[in-house]
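So the sequence shown is numbered by the UniProt record's numbering: it starts at 1 and just counts up by one. Note that CB positions come from ideal geometry on N, CA and C, so glycine has one too.
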Amino acid sequence: MTVKQKIEKPVLIDDALIAPTNNTDKQEDWSWVDGDQKPEHPANYYEATLSSWAGFPKLEEETTCDIVVIGGGLLGASSALHLSESGVDTILLEKNRIGSAASGRNGGQLTPGLARWEAETMIEHFDYDEACRLWRFTSIECFDLIREIVSKYDLSVDMRKGHLTAAIHPGHIGALVKGADARRYLGDDSVSMLGEYEIKEHINSEIYFGGALDSMGGQIHSLALVRGMIYGFVQNGGQVFEDSEVLEIEETPNGTRVRTEAGSVLAKKGIVLAVHDSTFKLLSEADATIPFYTYVAVTNPVAGGTKTLLPTDMAVYDTQFQIDYYRPVKKQRILFGGQGTGTRWNEEKTIAYLTSRLETVFPERKDLKFDFAWSGTTDLTLNGATDCRKIEKQVPIYSVNGWSGHGVAQTVRIGKSIRDDILKNNDDFAMLAAIEHRSILLGRQLSPVAIPLAKSLLGLQGMITPGKMISF
């Protein structure tokens with residue numbers, strides 16, 4: 001029997017509940033790694049700046065619906081929201097808490113493209129019309145869709161426009177100009193180039209030689225967006241179950257049954273597998289990605305305000321091999337992240353690394369310390385594009401993974417495309433699924449070795465040709 005669920009609309013709060021990173025007495029109470037169960041203290045800065053979230057019950061029954069969505073991150077929330085808006089009977093299952101993995105732990109930057117596929121790569125792989133279509137899908141349509149969702153459900157997500165790519169070597173300017181030219185060729189004129197003096201109007205740092213200003217991109221409170229879409233899903237009659245890890249997808253004579261520890265759901269029309277780097281656990285075909293770990297921290301309040309560091313309040317990432325990315329967030333703080341490792345660093349090593357990078361960018365600001373730090377898991381593909389698949393089984397199974405740490409906006413748009421494919425509205429998802437991917441033999445097992453080796457080789461290449469832009 002379906003019981004209509006209720007959940008409060010997520011609201012951004014003014015005062016962050018700080019769980020200091022150096023408070024070892026509280027270490028066991030808050031989540032250093034992604035996916036921990038309901039900590040007493042906030043798992044990260046995003047949780048600390050949102051109103052309390054009551055959560056949802058555990059699935060403890062056998063039930064039936066049209067579509068089962070597995071995973072409560074951006075992809076799962078968007079897919080479920082759009083299905084519910086079309087009147088499709090949908091149940092969402094989340095193994096931990098809504099937004100507790102990559103979707104609620106990322107850097108919150110909104111940039112166009114399909115993971116590491118930007119305009120140049122699309123031009124290389126498609127004819128002009130197809131490249132234009134794919135670029136538009138992964139850029140303007142993504143940002144327009146988020147604004148539409150935010151407006152429709154009256155969400156507070158701290159969304160801001162404007163994004164900078166800052167060149168750490170003069171030789172990188174040429175690559176940025178080429179990227180802007182490729183976007184103009186596809187009909188996108190939202191990028192303007194900045195010289196060495198102009199970029200200082202946006203970043204109060206001496207280490208950059210210019211950059212690219214993207215007026216289309218921006219930043220967002222990603223956990224607020226996830227919870228906001230779940231709020232909309234529930235308002236439309238959808239059902240959510242947390243603490244309900246899917247253990248098996250089983251084809252039976254009566255249909256495809258999704259089983260958890262304490263219950264199950266019979267999916268009559270399809271399954272959306274929105275579990276990111278854990279896709280391989282439920283889908284044998286998910287063999288084209290390799291996992292890695294990334295790290296994020298948020299500073300104490302900046303004396304004089306964040307505009308003393310970022311006068312125009314824009315999000316930034318740079319062009320070094322191991323990119324730094326940072327942006328202003330609530331209460332005059334700076335979110336700062338970077339790195340990609342094959343094994344997870346501990347808290348101490350993470351803070352030491354991010355502190356060294358923060359001091360490199362803003363060497364005069366020795367007063368900046370990190371009040372929050374956390375890690376998260378993401379994954380990558382060999383060709384750099386996101387792996388989108390539709391597996392035709394007893395009911396179709398949709399899966400999307402391999403984001404390389406990029407894709408907050410695109411994940412939301414792909415969720416809508418899954419709904420459209422199920423309802424046969426268009427072939428947007430088929431466009432994405434047509435991108436070919438190579439299997440990575442023993443990718444998950446070799447990650448602790450393969451990623452450091454690849455980084456060493458690419459880093460050596462960067463030392464030999466420092467003017468060539470190579471990023472990881």
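Identity of the residue in the options nearest residue i by Cα
i	options	result
S78	L432, G415, F429	G415
L74	M314, T343, P328, C142	C142
T49	R257, I220, V302	I220
R227	L282, H437, S417, F56	F56
G71	G405, P10, L273	L273
L358	F372, I334, K349	I334
R438	Q410, A385, K95	A385
R105	S139, A434, L92, E47	E47
L382	I435, T411, I351	I435
G232	L92, Q394, T63	L92
V11	Y153, T138, G76, A43	Y153
F336	G107, L380, V275, S264	G107
Opening and closing residue of the beta strand (DSSP E) in which residue i lies
i	result
D421	Per DSSP, D421 belongs to no beta strand (DSSP E); it is in the alpha helix (DSSP H), 408-422.
V246	246-252
G305	Note, G305: premise wrong, no beta strand (DSSP E); not H, not E.
Helix, strand or coil at residue i according to DSSP, with G and I counted as helix
i	result
N22	Note that N22 has pLDDT 41, beneath the 50 cutoff, so the model's placement of it is unreliable and the number below is only indicative. Coil, per DSSP.
R327	strand
E196	coil
Y153	coil
T386	coil
S404	coil
Y185	helix
F362	coil
W374	strand
T350	helix
G228	helix
Y45	helix
S84	helix
Where the alpha helix (DSSP H) containing residue i begins and where it ends
i	result
A119	119-125
I70	No alpha helix (DSSP H) holds I70; the beta strand (DSSP E) holding it covers 62-70.
G211	Premise fails: G211 lies in the beta strand (DSSP E), 211-219, not in any alpha helix (DSSP H).
T343	First-last for T343: undefined, no H or E at that position.
Y295	Element bounds for Y295: not the alpha helix (DSSP H) but the beta strand (DSSP E), 289-299.
Y317	Run containing Y317: none in the alpha helix (DSSP H); it sits in the beta strand (DSSP E), 315-318.
Classification of residue i by the beta-carbon crowding that lies within 10 angstroms, buried from 16 upward
i	result
P253	exposed
K366	exposed
K4	exposed
residue 474	Examination of residue 474 is not possible in this model, given that the chain is present from 1 through 472 alone.
D54	Here residue 54 turns out to be Ala, not Asp, going by the sequence shown. Classification of A54: exposed, given that the 10 Å Cβ count is below 16.
E94	buried
S151	exposed
T343	exposed
N401	buried
D25	Model confidence at D25 stands at a pLDDT of 32, short of 50, so the residue's coordinates are unreliable; what they give is reported in the following sentence. It is exposed - the Cβ of D25 has fewer than 16 other Cβ atoms within 10 Å.
K331	buried
T360	exposed
Any chain C beta carbon closer than 8 Å to residue i
i	result
Q339	The structure shown contains no chain C; it holds only a single protein chain.
Requested in this report: Give a yes or no on contact between the region 423-438 and the region 312-324, applying the rule of three or more CB pairs nearer than 8 Å.
Outcome: no
Query raised in the report: Are the region 260-269 and the region 235-251 touching by the rule of at least three beta carbon pairs closer than 8 Å?
Result: yes
Requested in this report: Mind the definition here: the region 195-209 touches the region 141-155 only if three or more C-beta pairs lie below 8 Å; say whether that holds.
Outcome: no
Query - Cβ contact check for the region 61-69 and the region 202-213: 3 or more pairs under 8 Å - result: no
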